[in-house]
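Participant: For the sequence shown, counting from 1, position 68 maps to 67 in numbering that gives the first Met the number 0; every step adds exactly one.
Using N, Cα and C, we set each Cβ at its ideal position, and we do this for glycine too.
All of these numbers come straight from a predicted model, not from anything done at the bench.
I'd like to ask some things about the structure below.
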Amino acid sequence: METVSRRQGGDWLVSVSGRITIDSSPDLRMLLLQHLESAGCERLTVDLYEVLYVDTSGLAVLLEVLKAARARKKTLSLSGLRDRPRYLLEATRILHLFHEVARDVTQ
Numbered sequence: 000m001e002t003v004s005r006r007q008g009g010d011w012l013v014s015v016s017g018r019i020t021i022d023s024s025p026d027l028r029m030l031l032l033q034h035l036e037s038a039g040c041e042r043l044t045v046d047l048y049e050v051l052y053v054d055t056s057g058l059a060v061l062l063e064v065l066k067a068a069r070a071r072k073k074t075l076s077l078s079g080l081r082d083r084p085r086y087l088l089e090a091t092r093i094l095h096l097f098h099e100v101a102r103d104v105t106q
């Protein structure tokens, strides 16, 4: 798994690529929570367009970051969901919990 972070004002965009598994999810968790906890962050968007696979530990990270965002009255959005990651979020019936935004093709 690889990540690229970009800040625009009070918004953070984290683009993720590869596979989110039990081996990589702790690093993703730490990165997303760091951005969310930064003073200038109002909205955090996670772009999953280049993610090929997500296991249940990846889902747990997304849910934990969503809970942290709500506790801080900040917004967590997902973008670029497709194929298997979208299917997993739909099959587990948790996709509706997340705010989904259109992917910015200039990313």
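1) Is Gly9 helix, strand or coil by DSSP?
2) Just verifying my parser: in three-state terms, what is the DSSP assignment at Glu41?
3) Can you look up Ser23 in the DSSP assignment and give me helix, strand or coil?
4) Report the rounded CA-to-CA distance for Arg69 versus Leu43, giving the unit in angstroms.
5) Closer than 8 Å to a non-hydrogen atom of the ligand ZN - does that hold for the CB of Gly8?
Facilitator: On the basis of the supplied data:
1) Residue numbering aside, residue 9 sits at position 10 when the sequence shown is read from its first letter. Looking at Gly9 - three-state DSSP - the assignment turns out to be coil, as it is neither helix nor strand.
2) By 1-based counting over the sequence shown, the position of residue 41 is 42. In the structure shown, Glu41 sits in coil (DSSP, three-state: anything other than H, G, I, E or B).
3) Taking the sequence shown and counting its residues from 1, one reaches residue 23 at position 24. Ser23 falls in the coil class under three-state DSSP.
4) Taking the first residue of the sequence shown as 1, we reach residue 69 at position 70. Taking the first residue of the sequence shown as 1, we reach residue 43 at position 44. Taking the straight line joining both Cα atoms gives about 11 Å.
5) For the structure depicted, the ligand ZN is absent and the ligand set is empty, with no information on it obtainable.
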